[in-house]
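Peer 1: Would you mind keeping the following structure in view while I ask a few things?
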Amino acid sequence: MIVAEQKPIAEIAGYLDGHKRVLVLGCGTCVTVCLAGGERETAQIASVLRLSGNGREILENTIERQCDAEFFDAVADQAAGCDAILSLACGAGAQMVARVFPEKPVYPALNTKFMGTNDGAGEWSENCLACGDCKLGVFGGICPVTRCSKSLANGPCGGSADGRCEVDPQNIECGWQLIHDRLKALGKLDALSEIAAPRDWSKTHSGGPRRLSREDVAGL
Ligand code: SF4
Ligand code: SF4
5 MIVAEQKPIA EIAGYLDGHK RVLVLGCGTC VTVCLAGGER ETAQIASVLR
55 LSGNGREILE NTIERQCDAE FFDAVADQAA GCDAILSLAC GAGAQMVARV
105 FPEKPVYPAL NTKFMGTNDG AGEWSENCLA CGDCKLGVFG GICPVTRCSK
155 SLANGPCGGS ADGRCEVDPQ NIECGWQLIH DRLKALGKLD ALSEIAAPRD
205 WSKTHSGGPR RLSREDVAGL
């Protein structure tokens, strides 16, 4: 899922200065799961903004997904009556709000952090950078691009010690140690005897904004 966290309320309130009627719009998918922008958080932010007084009218709603234009019909009337929209979605969702309602100022209530997993109550971690050429099958299901702080194609580097990464030994495991241990447990350490070719970074965001077009589903 995409993991996000709420911006400080002072930053959010600053965006809304001068607006008289604001729609606070939550998203029912990733940011609901990571407890940043679902129905509950939308209600909380709306309440805080109402309590701040200043005569501004606050409307609230949550749609199933903000990254998909088909879900906005349900809030079209509310949006039409507002002079700004506060989006509690990831950056992709907030940009879709701006695309669907081009005449409305749209502000983000969240900071989009990363693509990752839930590791327990209140814990999330990054584990995929959407590199466009997944090599998990080679590296025992552990991502060298994300889990290694230097995204090394061949590791570990000289900074690996006691299974920890030199970038922050306290908090970061060495991704390449994890890859080694996992491949060993699977009896596949041979996979590391080959030098991996340099990654084609043009398939990542380094090659510019990416698009995916699929003719097989275009007419569905
Ligand atoms: S190899 Fe690429 S696609 Fe696969 S998990 Fe890592 S970053 Fe994501
Ligand atoms: S110590 Fe391990 S995780 Fe850190 S940069 Fe080196 S190989 Fe990557």
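Residue 184 in the working numbering sits at position 180 of the sequence shown, and the numbers go up by one each step.
No residue lacks a Cβ here, since even glycine has one placed at the ideal position from N, Cα and C.
Under the three-state reduction of DSSP, which class applies to residue 208: helix, strand or coil?
Peer 2: Within the sequence shown, the letter at position 204 stands for residue 208. Residue 208: coil per DSSP, three-state reduction.
Peer 1: Report the CB separation of residue 122 from residue 147 in whole angstroms; it is logged as a contact under 8 Å.
Peer 2: Residue numbering aside, residue 122 sits at position 118 when the sequence shown is read from its first letter. Residue numbering aside, residue 147 sits at position 143 when the sequence shown is read from its first letter. Not quite, the Cβ-Cβ distance comes to about 17 Å (not below 8 Å), so this is no contact.
Peer 1: Pair every Cβ in the segment 26-39 with every Cβ in the segment 141-156, then say whether three or more of these pairs are closer than 8 Å.
Peer 2: no
Peer 1: Is residue 10 helix, strand or coil when you go by DSSP?
Peer 2: Along the sequence shown, one-based indexing puts residue 10 at 6. Residue 10: strand per DSSP, three-state reduction.
Peer 1: Kindly provide the ranges of any alpha helix (DSSP H) runs that are 4 or more residues long and lie completely inside the segment 146-217, ordered along the chain.
Peer 2: Fully enclosed alpha helix (DSSP H) runs of no fewer than 4 residues occupy 148-151, 179-189 of the segment 146-217, in order along the chain.
Peer 1: Confirm the yes/no value for this check: CB of residue 150, any heavy atom of ligand 1, distance under 6 Å.
Peer 2: On the sequence shown, position 146 is the one that residue 150 refers to. The answer is yes for residue 150.
Peer 1: To the nearest angstrom, how far is it from the Cα of residue 104 to the Cα of residue 57?
Peer 2: For the purposes of this step, residue 104 is taken as residue 100 along the sequence shown, with counting starting at 1. For the purposes of this step, residue 57 is taken as residue 53 along the sequence shown, with counting starting at 1. C-alpha separation (whole angstroms): 29 Å.
Peer 1: Let me check understanding here. Comparing Cα to Cα, which of 129, 189, 199, 55 lies closest to residue 160?
Peer 2: Position 156 of the sequence shown holds residue 160. Answer by Cα proximity: 199.
Peer 1: Mind checking which residues open and close the beta strand (DSSP E) that includes residue 119?
Peer 2: Within the sequence shown, the letter at position 115 stands for residue 119. Run containing residue 119: 114-124, per the beta strand (DSSP E) assignment.
Peer 1: Could you pull the DSSP bridge partners for residue 25 from this structure?
Peer 2: Against the sequence shown, residue 25 aligns to sequence position 21. In DSSP, residue 25 forms a bridge with 61.
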